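Right, one structure below, let's go through it.
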Amino acid sequence: MKPTISIVVAIFNRKDELFELLNSLNSQTDKDFEVIIVDDGSLIDLKPTIHQFEEILNIKYFKKTNSGPGLSRNYGAKRASNDWLVFVDSDVIVEKDYIQNIKNDILTIPCDAFGGADKAHKGFNLMQKAISYSMTSVFTTGGIRGNKKAVSKFQPRSFNMGVKKEVFEKVGGFSEMRIGEDPDLSMTLWENGFTTAFFDTIAVYHKRRVDFGKFSKQVYQFGCARPILNQRHPNYVKISFAFPTLFFLGYVLGFIEYFILQKGFILSLFGLYTFMVLIHATIVTKNIAIGAMAVISTYIQMFSYGYGFLKSWILLNVLKMKPEDAFPKHFHKI
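Encoded structure:
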C-alpha cells in the first residue's frame, strides 16, 4: 500500500520563510499529501500567507498559544489524517520530488522513522552558505547532518524528519524540551525498540540563522541541551559530544601557553585546523569568500557550543542542579 503523508510545520513568525516553504510544496510532482501549519503564538498575522495556498494545497491552519516547537508539532500530529508524519522547519525549501522520494524510500527502506540531510541552496547568501557548511562539515559536526556514512546509527532531526503516526503516538511524541527535542525523540524511539533510517534522496535546503550573532546563540543553546540529553539517555552518550568543549578549552590553553611559557605549539595546531577548514570550505562551496566566512562560522559554532556544553555539564553534574532549574527556558511547563 502506498504510504500517505502529512507535512507538519510548527512556526513562530517567519512569514517570508513560510511562503517559500509552501511554494516549494506546491511544486511537488506528487500532490497527494496534506500540510498542517501550527502557528505557535506568532506576533504577526500568517493568515494572508496561508490564504494564498488554501485552494492549491490540502492545507490546515491552526493557531495556539506559544509552547515551543516540540509541543506544537504534537498539536499538529494529533490533527493529521495520514499514516506518516513528516516534520520540517519553517525555514526550509524542498525539491519538487521530495514527497515522491519519501514515499519511494518508505517502500524500499524498512524503518519506523527517517530523516534526511540539509544543504545550502544556490540562492542563499554567502553567510547562510558559510553557516550551512559549518553545520554539516566533517571538520565540525563530523558530517552527521549531511552524510549517512558519517554515523553508525542515524538520528533524525526535526528540520527533515518522518515518523509513523502510530509509533509517534506510542512514544508520546516530542517531550516538553524546547531545545534538543528532536534528538530526544530519536533516542526515545530507539529505547522503545523502533528503528530509524537515513534517506539520501530527501535533502532539504535549510536557511538557518541569517547572521553570526543569532547563529552563536542558537548553537550555544544546542550545547546546553546536550548534557541534559545525556542524562535522559545515558545509553547513547558519546565522547565526541564533548569535542567542541575540548576545542574551546584547548584554545584558551593555547593562549596561556603562548603568554606564560612563550611557546606556540597549541596555537599552531589551531592554525593548521583553520587552514584546513578554509581550503575544504572553499573547495566544497567553490568560493573563497564563503570559505573565509566558513572559518568564522566554524569557530563561532565550536566556541558557542563548547561553552554551552561546559556550562551545562557543570550545572548538572558538579552542582547537581535539575535541568528544569538550570535552564528553565529549555522546557515548557505542561
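For what it's worth, the UniProt record's numbering labels the leading residue of the sequence shown as 1, then goes sequentially. The beta-carbon is built from N, C-alpha and C at its ideal position, and this holds for glycine as well. Keep in mind it's a predicted model, so treat the numbers as computed, not measured.
| request: Determine, using beta carbons only, whether residue 347 and P227 come nearer to each other than 8 Å. | output: The structure shown does not extend to residue 347, since the chain is modelled only from 1 to 334, so the question has no answer here.
ask   = Is I144 helix, strand or coil by DSSP?
value = As a working mapping, residue 144 is identified with position 144 in the sequence shown. Interpretation of I144 is limited by its pLDDT of 48, a score under 50 that renders its predicted location unreliable; the figure taken from the coordinates is listed afterwards. I144: coil per DSSP, three-state reduction.
Check: Helix, strand or coil: which one does DSSP assign to T196?
Finding: Within the sequence shown, the letter at position 196 stands for residue 196. Three-state DSSP puts T196 in a strand.
| message | What does DSSP give as the partner residue(s) for A113 in the beta ladder? | response | For the purposes of this step, residue 113 is identified with residue 113 of the sequence shown, where counting begins at 1. A113 pairs with V163, T196.
Exposure of N160, with buried meaning 16 or more beta-carbon neighbours within 10 Å = Here the question's residue 160 lines up with position 160 in the sequence shown. So N160 ends up on the buried side.
_Mapping the DSSP letters down to three states, classify K149 as helix, strand or coil._
Here residue 149 refers to the residue found at position 149 when the sequence shown is read from its first residue. For K149, the pLDDT reaches just 47, beneath the cut-off of 50, and the residue's location in the model is therefore unreliable, although a value from the coordinates is still provided. K149 falls in the helix class under three-state DSSP.
Mind checking whether I11 and I50 have CB atoms under 8 Å apart?
For the purposes of this step, residue 11 is taken as the residue at position 11 of the sequence shown. For the purposes of this step, residue 50 is taken as the residue at position 50 of the sequence shown. No, they are not a contact pair.
Please look up how many angstroms separate the CB atoms of S72 and F212, rounded, as I've assumed it's under 8 Å.
The sequence position of residue 72 within the sequence shown is 72, counting from 1. The sequence position of residue 212 within the sequence shown is 212, counting from 1. About 27 Å; that fails the 8 Å criterion.
*E191 by DSSP, collapsed to three states: which one?*
Here residue 191 refers to the residue found at position 191 of the sequence shown. Note: E191 maps to helix in three-state DSSP.
Worksheet item: Of the residues F331, Y220, F199, A225, which one's Cα is nearest the Cα of P110?
Response: Mapped onto the sequence shown, residue 110 falls at position 110. P110 has its Cα closest to that of F199, out of F331, Y220, F199, A225.
From what residue to what residue does the alpha helix (DSSP H) around V318 run? As a working mapping, residue 318 is identified with position 318 in the sequence shown. Unbroken run through V318: none, as it is neither H nor E.
CB contact check: S312 to chain D, cutoff 8 Å
Structure shown: chain D not included; a single protein chain is present.
**Study point:** Extent of the continuous beta strand (DSSP E) to which Y236 belongs
**Key:** Within the sequence shown, the letter at position 236 stands for residue 236. Premise fails: Y236 is in no beta strand (DSSP E) and is neither H nor E.
For this session: Report yes if the CB atom of N13 is closer than 8 Å to the CB atom of L57, and no otherwise.
Result: In the sequence shown, the residue the question calls residue 13 occupies position 13. In the sequence shown, the residue the question calls residue 57 occupies position 57. Contact flag unset, no.
Q.
Would you call the segment 280-293 in contact with the segment 120-140, where contact means no fewer than 3 C-beta pairs closer than 8 Å?
A. yes
Going straight from the alpha carbon of I314 to that of L229, what length do you get? Stepping through the sequence shown from its first residue, residue 314 is reached at position 314. Stepping through the sequence shown from its first residue, residue 229 is reached at position 229. Each residue's Cα considered, the two are about 14 Å apart.
Next item on the list: Could you check the C-alpha separation between K263 and E257 for me, to the nearest Å?
Entry: As a position in the sequence shown, residue 263 is number 263, starting the count at 1. As a position in the sequence shown, residue 257 is number 257, starting the count at 1. Those two C-alpha atoms are separated by around 6 Å.
If contact is defined by three or more beta carbon pairs under 8 Å, each pair taking one atom from either stretch, is the segment 110-124 in contact with the segment 184-200?
yes
Can you give the Cα-Cα distance for P156 and P234, rounded to whole angstroms?
Locating residue 156 in the sequence shown gives position 156, where the first residue counts as 1. Locating residue 234 in the sequence shown gives position 234, where the first residue counts as 1. Their backbone Cα atoms lie some 18 Å apart in a straight line.
F87 - partner residues in DSSP beta bridges: For the purposes of this step, residue 87 is identified with residue 87 of the sequence shown, where counting begins at 1. DSSP output for F87 lists V8, M161 as bridge partner(s).
Which value, in whole angstroms, describes the spacing of the CA atoms of K103 and Q28?
For the purposes of this step, residue 103 is identified with residue 103 of the sequence shown, where counting begins at 1. For the purposes of this step, residue 28 is identified with residue 28 of the sequence shown, where counting begins at 1. Rounded to whole angstroms, K103 to Q28 spans 13 Å at the Cα level.
- Item | Rounded C-alpha distance that separates A120 from E20 | Here residue 120 is taken as the residue at index 120 of the sequence shown, counted from 1. Here residue 20 is taken as the residue at index 20 of the sequence shown, counted from 1. Computed Cα separation, rounded: 15 Å.
field: M177, DSSP secondary structure in three states
entry: What you label residue 177 is simply residue 177 of the sequence shown in a count that begins at 1. Correct three-state label for M177: strand.
>> In the DSSP assignment, the beta strand (DSSP E) including E34 goes from what residue to what residue?
In response: Within the sequence shown, numbered from 1, the residue matching residue 34 stands at position 34. Residues 34-40.
> Excluding sequence positions up to five away, which residues of its chain have a Cβ less than 6 Å from the Cβ of D89?
Replying inline: The residue given as residue 89 occupies position 89 in the sequence shown. F159.
Counting only runs that start and end within the segment 270-313, where is the alpha helix (DSSP H) found for 4 or more residues in a row?
288-313
Notebook entry, point to check: Which residue or residues does DSSP assign as beta-bridge partners of residue 368?
Noted result: This structure cannot settle anything about residue 368, because the visible part of the chain is limited to 1 through 334.
| said: Can you confirm whether the segment 317-332 touches the segment 264-281 when touching is taken to mean that 3 or more C-beta pairs between the two stretches lie within less than 8 Å? | reply: no
- Hey, is the segment 181-192 in contact with the segment 91-103, meaning 3+ C-beta pairs nearer than 8 Å? no
I59 versus M177 - alpha carbon distance: The residue given as residue 59 occupies position 59 in the sequence shown. The residue given as residue 177 occupies position 177 in the sequence shown. So the alpha carbons of these two residues sit roughly 27 Å apart.
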